[in-house]
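Some notes on the structure that comes next.
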Amino acid sequence: MQGIREYNKKINSLKNTRKITSSMKMISSVKLQRYTKLKQVATPFWESAREVFTRNNDFFAKNHSVFLDGFPSPRKNLILMISSDRGLCGRYNSNIIRNAIQLYDTFDSQGRQTSFSFIGSKGYTFFKRCKLPVHKYYEEIHNPDFSSTNKIADELLEDFVRGTFHEIWVVYSRKILLAEEPVSERLLPFEKTNTTVSQNDNIIIEEKPEVLLQNYVKMTIRAAVYKAHFESTVSEHSARMSAMDTATTNCDQMIQRYIKLRNRARQTQITTELSEIVSGKEAIDN
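According to our numbering, the sequence shown is numbered sequentially starting from 7.
Printed below as a string of structure tokens:
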């Protein structure tokens, strides 16, 4: 049985670990609340950007565009993967990576060439180690910022227009209730909808379809990338808070376990010392 000193070392070590995990849980909780509030403010913008297209589908459809019709034979795809820069967030990164690999395998089985762009070092490091095709790594981007995501969205749009990639997808994580769920969505070309403008809307559109569509595409792609990065950040902090809460609970349980083992060792030591004292007393008396 280990000595009392060894148990004290383990208990002190676990208490120090608990301080770290508890602090990280608190920090993640504060960040989660902050980004959740910001998300609630920004959500109407994302929804409005998408609603423009769904309510004016017939108007945009008059203009045969690569943004709607896509390329005749899509062969080159790009996947924008959003992961975290830090670990200690449970299965957050592994779920996103697994989802991206499944999407890559699907395209590969269809004979399509697929490259990856990355926000977040965890995904970039993994795919670089696996020697999968890397198009770009946005190393300077960490937190969701509209100006930064605008830059990414404009680059994606430019690659699509030039025909560098025929389809552009985004893989990220979304928080649903108490769980984090990996999501893969196609950014370009757009999915056509059956929703049209109602006669009661009385909307008069004077701009040419091709001009309006170009402006709309730019706005929507910017909103979509910003939304994906925001959703992924909220999901990351939620996952880290949950992971640190579990780690703190495990530390508490292990501390209690080692306290019991230490008490048992102390009791055994006291019993042994008492037995030695009694035996010595009896030996002296005899």
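Backbone N, C-alpha and C define an ideal beta-carbon position, used for all residues, glycine too. Note that this is a predicted model, so its numbers are computed, not measured.
- Put simply, of SER100, TYR178 and SER71 the residue whose alpha carbon is nearest the alpha carbon of LEU194 is SER71.
- For GLU242, the closest of SER153, TYR41, CYS257 and GLU57 by C-alpha to C-alpha distance is TYR41.
- In this structure, DSSP gives PHE166 a helical state, which the three-state scheme calls helix.
- The stretch 24 to 72 is shown to contain no whole beta strand (DSSP E) run of 3 or more residues.
- Secondary structure within the stretch 82 to 133: the alpha helix (DSSP H) runs of 4 or more consecutive residues, fully enclosed, are 98 to 115 (chain order).
- The count of Cβ pairs closer than 8 Å, one atom from the stretch 30 to 40 and one from the stretch 277 to 286, stays below three, leaving the stretches out of contact.
- LYS25 and ILE10 have their C-alpha atoms roughly 23 Å apart.
- DSSP lists no bridge partner for VAL231.
- For LYS214, the three-state secondary structure derived from DSSP is coil.
- For GLU191, the uninterrupted beta strand (DSSP E) segment begins and ends at 185 to 194.
- LYS181 is bridged by DSSP to GLU186.
- Closest by C-alpha distance to ARG104, out of GLY129, THR226 and GLY117, is GLY129.
- A straight line joining the alpha-carbon of ARG263 with that of SER179 spans about 36 Å.
- Annotation: the continuous beta strand (DSSP E) that includes LYS142 extends over 140 to 143.
- Under DSSP, GLU173 shares a beta bridge with ASN83.
- For the options ASN256, ALA230, SER79 and ALA271, the alpha carbon positioned closest to that of LYS21 is the one of ASN256.
- Fewer than three beta-carbon pairs drawn from the stretch 148 to 168 and the stretch 129 to 140 are found closer than 8 Å, and the two stretches are therefore not classed as touching.
- Per the C-alpha coordinates, the member of GLN220, SER29, SER100 and THR252 positioned closest to LEU74 is GLN220.
- Shown here, ILE147 sits in coil according to DSSP, grouped into three states, outside any helix or strand.
- For GLU197, the number of other beta carbons within 10 angstroms of its own is below 16, and it is reported as exposed.
- Using a Cβ distance threshold of 7 Å, ALA229 and TRP52 count as a contacting pair.
- LYS134 and VAL223 have their C-alpha atoms roughly 31 Å apart.
- For THR226, same chain residues with a beta-carbon under 6 Å away, outside a window of 5 residues either side, are ALA55 in chain order.
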